[in-house]
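Engineer: Position 212 (the sequence shown) corresponds to 425 in the working numbering; numbering is contiguous.
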Amino acid sequence: MIDTAFLKELIEVPSVGTACQPIINLLQARIGAEFTSRWVSDGYVLFQKRGATPQDLKVIYVAHLDEIGGCVYGKYADGEGYITRCWGNQPSIFANAELQAFDYLAESADEAFPVSGRVESVDGEERMVLIGEGIRPYRTVFTFKQETTFDGDTIAGKALDPRVTLYAVLEATLQLNSPEVGLLCVMAEECAMDVARKAVVYLQDNAPNLQLIVNADVPWIRNIGDGQLDTPAIRIFEGRNFIDPMVGIHASDVLERKGVEFHLSAARSGSQTLLFTPLAPTLSIALPSDGVHLPVVKMSLKGTERCISLLKAIGEASLNGDLLPTARIA
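The following block contains the structure:
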C-alpha cells in the first residue's frame, strides 16, 4: 500500500544539485532510529541498519535525490534580476512555470520562497533571468513549485523523476530490514553525474562483500523499449552502455519463475548506473513516466507498487544466493 501522504511530501520537497538537505532530512525522519546514515556533503547519504558496518553490505539500492532546476549566477547587466544556469531543460520551460527558490544551505522546504523568471539573450545565448526577493548570487537555487495530485492510478506533479523510484527503494530497504542491505542516495545526477563517483570510491574501499547493486530511476516512457507506466523494467542497456546484460537476463529468468511483475527492456537514455558496475553485478531498474523534466508529469501508483515488489524480490533473491549466474568455465 502506497503512503500517498509521504510520497506527496517527498515529491514536493525542493532539492537541486547538491543542495539536498531538505530531502535528506525528510528521509532521515522517515527511515527512523533503527538506521544510521553516512552523509558526505556534495555527494551522497548512505543508510544502513544501526550496528551494521559497510563490510556487512551485500546489496545496495541506489537512487538519486535531486530534481531539475538551476542556480543563480551574478546580476543581469541589462536590467532587473540575476543570470541563471538551468539544469534538465531549456530556460523557457522554467520561465513559463511557477518557481520556488531556496538557499544552497537550506535545511527544509519551509525556507523556500517564490520567484519568477524570464528568458533573455545574453552573449547570443538564451539564459533565464530570475527575479524575486531574497535571491543571493551564487548560492540561490530554484526549481518548480507544483502541488502533487492523485487521481485513480495517476500521480501527477513535478520531480517524479526521481522521487517515485526513490520512494520505491526506500520502501524496499525498510521491508527487507537487513544489516546486509543499504540505501545509497546520490546527489546531483540531473546536472553533474560524476558526483556519484564519491560514493563509488567509498564503497570500493569499505564494502568488499558487495554482491549486487540495484539502481532505480525514472525514464521518459518514449525512451524505454515496450515501456509501460504500470510495470517496472530491468534495463540491460542504457543508451550505448552495457548494464551487465547477462546478470539482468539471468535475474529476469529467476524473477519470472517467482511470479514478479516486470519486463526486460533497454533504454535510449542513461542514468548513473554505469558508474557502479565496476563494484559488483549491477541491475538497472526503470519505472517510466508520461513526460519528463516538466512542471507536471504523470506516473502510475500500480507501477510504483510493482516497483517496490520487484526491488524487494531482487534483494531477497540476491541474499538467498539464487539471483546471479554461476561461472561456466570448464
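Using N, Cα and C, we set each Cβ at its ideal position, and we do this for glycine too.
#1: Rounded to whole angstroms, what is the Cα-Cα separation between residue 536 and residue 225?
#2: Using only the alpha-carbon positions, how far apart do residue 324 and residue 529 sit?
#3: Check this for me: beta carbons of residue 270 and residue 488, under 8 Å apart or not?
#4: 8 Å is my cut-off, CB to CB: does residue 344 come that close to chain B?
#5: Once you ignore the five residues that flank residue 413 on each side, which residues in its own chain have a CB closer than 7 Å to its CB?
#6: My assumption, with CB atoms under 8 Å, is that residue 472 sits in contact with residue 261. Please give the rounded CB distance.
#7: Mind checking which residues open and close the alpha helix (DSSP H) that includes residue 410?
#8: Is it the case that the stretch 333 to 353 contacts the stretch 365 to 372, given that we only count it when at least three CB pairs across the two stretches are under 8 Å?
#9: Kindly give me the distance between the Cβ atoms of residue 429 and residue 378, rounded to whole angstroms, as I take these residues to be in contact under 8 Å.
#10: For residue 374 and residue 506, I'd like the C-alpha separation in whole angstroms.
#11: State yes or no: is the C-beta of residue 267 nearer than 7 Å to some heavy atom of the ligand FMN?
#12: If you measure between the beta carbons of residue 524 and residue 431, is that distance less than 8 Å?
#13: Give the range of the alpha helix (DSSP H) segment to which residue 390 is assigned.
#14: Tell whether a beta-carbon distance below 8 Å holds between residue 517 and residue 385.
#15: Cutting at 7 Å between CB atoms, please list the residues of its own chain near residue 215, excluding the five before and the five after it.
#16: Could you tell me which residues DSSP pairs with residue 280 in its beta bridges?
Structural biologist: Looking at the atomic coordinates:
#1: 35 Å
#2: 40 Å
#3: no
#4: Absent from the structure is chain B; it holds one protein chain and no more.
#5: 488, 489 and 492
#6: So it is not a contact: roughly 30 Å between Cβ atoms.
#7: 410 to 419
#8: no
#9: 4 Å
#10: 7 Å
#11: Within the structure as shown, the ligand FMN is missing, as the structure has no ligands at all.
#12: no
#13: Note, residue 390: premise wrong, no alpha helix (DSSP H); not H, not E.
#14: no
#15: 514, 517 and 518
#16: 229
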